[in-house]
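Just below is one structure, and these are the notes that go with it.
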Amino acid sequence: MPSFFRLATIAALFTATLVSAVPISDPNSNPSFLQKRAGGATVVYRCTIPGTIAITFDDGPFIYTNGLLDILRSRNVKATFFFNGNTYGRIEDFAASVKSAYEDGHQVASHTWDHKDLTTLSPGEAVEELTKLEDAFRGIIGVRPTYMRPPFGSLNQPVLDILGQRNYTAVVWSQDTQDWAHPDDFNASYQVYEQLLNNTENLGQPGHIVLQHEVNQVTALQIAPMAIDLALVRGYKVVTVGECLGDPKNNWYTTSVIDSTIYD
Ligand SMILES: [Zn+2]
């Protein structure tokens, strides 16, 4: 991807994080606020099971996905991938990586087709952002995910209604490594993990959903293995979002096709 587009993406992400359509409650300041039912969709901010950590990788598939899968395989842990259809890489070009992630038992989830802020789109456009990727997933892994992460964490009531109609659970995060703001700064992201994992009181609390971006080489190939090793040493279970919520695996995907023509 041209670097100007990458910078534009980072700038857009930064802006949207500051002014997301619905203020995202900080679960750290309100530990009871783990999930809420808003409109038709469940919104998840944090794990419910103590001692778990759900590391999530956004914006792939991309050129580092296979290396990241090797790292996860070598440590026998599972993660969650919020894949796009066409952002850094085009999903058809990385179909083998998506299939490997699914077959390895990681949670494969939607991050929409091309990473637009859903709250800025018409209902028809927002639905298309979901359905284009649903179709691509069906072609690659035979099912489509029921978990999704809204680009920029940006949600409003119309988007929540659409997500609910399509049986999605929206996953935000409780810990942002901010690797998007400092993509080449290993220490800045890793310190977030150290602060989280070195505090032994956290182990008895509901686990965290940590935001990372696999399109960043430092994140995928350097921070991920170090963070996972630290989590394992500290006694955490490194699991998928579904697992950290106690949601059985067969709920993570569906074969049902939902009519979207009402928005045409
Ligand atoms: Zn993203």
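Under mature numbering (1 follows the signal peptide of the UniProt record, and there is no 0), the residues of the sequence shown are numbered -21 to -1, 1 to 243, in order. Just so it is clear, CB atoms sit at the ideal spot from N, CA and C, and this is done for glycine as well. Keep in mind the model is a prediction, meaning the values are calculated, not measured.
Check: residue i C-beta below 8 Å from any heavy atom of ligand 1
i, result
"residue 187", "no"
"residue 130", "yes"
"residue 158", "no"
"residue 61", "yes"
"residue 93", "no"
"residue 90", "yes"
"residue 72", "no"
"residue 192", "yes"
"residue 163", "no"
"residue 37", "yes"
Where the alpha helix (DSSP H) through residue i begins and ends
i, result
"residue 105", "102 to 120"
"residue 44", "44 to 54"
"residue 80", "74 to 82"
"residue 140", "136 to 144"
Continuous beta strand (DSSP E) stretch holding residue i: start and end
i, result
"residue 89", "86 to 89"
"residue 218", "216 to 218"
"residue 22", "20 to 23"
"residue 150", "148 to 150"
"residue 31", "31 to 37"
Cβ distance (whole Å) where residue i is taken to contact residue j below 8 Å
i, j, result
"residue 156", "residue 189", "6 Å"
"residue 34", "residue 217", "7 Å"
"residue 219", "residue 59", "5 Å"
"residue 191", "residue 36", "5 Å"
"residue 31", "residue 169", "Not a contact, Cβ separation roughly 20 Å."
Which parts of the segment 156 to 205 are runs of the alpha helix (DSSP H), unbroken and 4 residues or longer, counting only runs that do not cross its ends?
Listed in chain order, the alpha helix (DSSP H) runs fully inside the segment 156 to 205 are 165 to 176, counting runs of at least 4 residues.
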